[in-house]
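Only one structure is covered here, and it is reproduced in the block below.
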Amino acid sequence: MRPAVRQKLKRRFAETLDLPPSVVLDQAVIHIFGDSEVKIVNHKGLVQYSTACVKTRAVQGLIEVGGSELEIAFFSAQEIKIRGRIRQVMLK
Amino acid sequence: MTQLLWLWWQGYLTVRLRGAGIERLLNRASQVGVALFRVERLTSDVVLVRMAARDFRLLRPLLREAVNGPRISVSVLDRHGLPFVLRRFRRRSFLGVGLGLAVLAVFYLANFVWFVQVFGNQALAVEAIKTAVEDAGLRMGIPRSSLDPARIERKLLESLPDLVWVQVKNRGVRVEVHVVERDEAESGEQRAGHIYAKQDGLVTELLVLQGTAQIREGDTVRKDDLLISGMYYDHQGRRQYGAARGIVKARVWYEAVGEASLVRWEPLRTGRRRSRYLLTVGPLTVPIGRSLPRENHLVTSRTWQLYLGTAMAPVSWTRLDYEEVEWETVPVPAAEAEQNAYELAWESLLAQGVDRERVLVEKRAVENLADGNGIRVTVRVEVLEDIGRFSGQ
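As you go down the protein sequences, you meet chains A and B in turn. Quick note: the first sequence uses our numbering, first residue 1, plus one each step. Quick note: the second sequence uses our numbering, first residue 1001, plus one each step.
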């Protein structure tokens, strides 16, 4: 079965049983705390890190956090916590 | 916070990674279970990371894995946390021993009485009570275990007859002595004596319970005039001397002056702040940091006291926060200044013993000060009060 079809089926399944899509679809969950902290749970790896931009891979695509004085406060296989002056969070 | 405390407990390293493609190494590290904290990008090819000391050995094989890819160099810049502190102490054993001895000394010194404080005395001097307390066996430096509050209370009551009640409270290294003094009227009631005027006044009411009146209603009396004599004749006509008792009410006048400025100095914060610390061990205070003049700084302080269980140890830590200010003058409205001066005058009247509820007539005179910068309020009150003062012989 093609991955796109599999994702579509999983989404239908989650909607039917009223389950959180992030769990069923293995998607990343993004928490934004004001303009100073972003927490991404269930990421698939760090792609690029600089003080102005942090890019992480996720099932739904690339998550890009832009800002200034960015620092990775915590980094593990499941979670990444970014601190600094957050200006934008984009899904690409 | 808890995570950082746990990391400090375990010991952690500040590691510098230099090279291209550091992100790939970080991903690989996270996959093998290494948690990274405070990852900082310093330059385009240098990143600082913090990691638990025990995870560092997991990083080495990953570097070898990347032998074909871009080369990344790793160096440990600093070591933090409890295991490294302990290791340092192992090397500097005397420092550790000294710290241990200091802690033991604090525990040992907390077993003694270091401060004796007296509360509740009015006529008796603190020094007199402290001398009696020392004679009763309570002095600075005695072991707390030898403290017998009941015995000290008994001895104090014996040695100071003016006390009617004593309580000795053990508060760690501090002992509080609470006293209540004998009421003068209570002690003088049975003695022979006369009643004298304690104020100038116009007598409006005279009631003699025992003794002989020396004045009549409507008389004007001066301070210390004899009002009721203790001499009286008993029912057999014999002259007796006893305690004069009675009530002499008179109109008494009081006057007080209050002055208030028409300008007020108010602090304007410049935003500059400095802190200073004080370490207090028993009577010794060690200042840490420079003292700043109080004329242009507002000072707030906070003190942390060391407690050993419920006992207070003679060690405290104080933080003084200095906030720089510039003083500027602000004009005060005349009505407000007059009210301030009036309240000051009343404070003075209350200090003279005037009972506000017994005031019959109150007069107020307001005038400006000669220099034009202030206001003066003179308050005159007429009060009805008992002017009798018993004096025993």
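We treat Cβ as the ideally placed atom computed from N, Cα and C, and that holds for glycine.
Query: Terminal residues of the continuous alpha helix (DSSP H) containing Arg-1274(B)?; Result: Not the alpha helix (DSSP H): Arg-1274(B) falls in the beta strand (DSSP E), residues 1263-1281.
Query: Need the endpoints of the alpha helix (DSSP H) that Asn-1027(B) sits in, please.; Result: 1022-1031
Query: Look up Lys-1249(B) in the DSSP assignment and say whether it is helix, strand or coil.; Result: strand
Query: Using C-beta distances below 6 Å, list every residue in its chain close to Thr-1220(B), excluding the 5 sequence neighbours before and after it, in chain order.; Result: Leu-1202
Query: My parser needs the beta strand (DSSP E) runs of 3 or more residues fully inside the stretch 1150-1180 of chain B; what are they?; Result: 1163-1171
Query: Provide the residue(s) that pair with Trp-1317(B) in DSSP beta bridges, ordered along the chain.; Result: Leu-1279(B) and Trp-1304(B)
Query: I need the DSSP call for Trp-992(B), collapsed to helix, strand or coil.; Result: It is not possible to answer for residue 992(B), since the shown part of chain B is limited to 1001 through 1393.
Query: Can you tell me whether Gly-1388(B) is helix, strand or coil according to DSSP?; Result: strand
Query: Leaving aside the five residues before and after Arg-1124(B) along the sequence, list all residues of the same chain whose C-beta is less than 8 Å from its C-beta, in chain order.; Result: The sequence given here places Leu at residue 1124(B); Arg does not occur at that position. The residues are Leu-1160, Asp-1162, Leu-1163, Val-1179 and Glu-1181.
Query: What residues from the stretch 54-79 of chain A come within 7 Å of chain B, judged by C-beta to C-beta, listed N to C?; Result: Glu-71, Ile-72, Ala-73, Phe-74, Phe-75, Ser-76 and Ala-77
Query: Hey, Gly-1282(B) and Gly-1230(B) are a contact pair by Cβ (cut 8 Å); roughly how many whole angstroms apart?; Result: Gly-1282(B) to Gly-1230(B), Cβ: 55 Å. No contact.
Query: Could you check the C-alpha separation between Thr-1318(B) and Arg-1290(B) for me, to the nearest Å?; Result: 14 Å
Query: Which class does Ser-1075(B) belong to by DSSP, given the choice of helix, strand or coil?; Result: strand
Query: How would you write the range of the alpha helix (DSSP H) that Leu-17(A) sits in, first residue to last?; Result: Note, Leu-17(A): premise wrong, no alpha helix (DSSP H); not H, not E.
Query: Report yes or no: is there a C-beta of chain A within less than 8 Å of the C-beta of Gln-1031(B)?; Result: yes
Query: Taking 8 Å as the CB-CB limit, is Ser-50(A) close to chain B?; Result: yes
Query: Mind listing which residues of the stretch 1011-1026 of chain B have their C-beta closer than 9 Å to chain A's C-betas, in chain order?; Result: Ile-1022, Glu-1023, Arg-1024 and Leu-1026
Query: Give the residues of chain A in contact with Leu-1036(B), contact being defined as C-beta atoms less than 8 Å apart.; Result: Ile-72, Phe-74, Phe-75 and Ser-76
Query: So with CB distances below 7 Å, who are the chain B contacts of Leu-46(A)?; Result: Glu-1023, Leu-1026 and Asn-1027
Query: Whose Cβ in chain A lies nearer than 7 Å to the Cβ of Glu-1263(B)?; Result: The residue you asked about is not Glu; residue 1263(B) is Val in the sequence shown. Those within 7 Å of Val-1263(B) in chain A number zero; the least Cβ separation is about 45 Å.
Query: So which residues on chain A does Glu-1040(B) lean against when the C-beta distance must stay under 7 Å?; Result: Glu-71
Query: Taking the alpha-carbon positions, what's the Lys-36(A) to Arg-85(A) distance?; Result: It is worth fixing the name first, because residue 36(A) is Ser in this sequence and not Lys. Taking the straight line joining both Cα atoms gives about 5 Å.
Query: Give me, in chain order, the residues of the same chain whose beta-carbon lies closer than 7 Å to that of Lys-1223(B); leave out the 5 immediate sequence neighbours on both sides.; Result: Ala-1197, Lys-1198, Gln-1199 and Asp-1200
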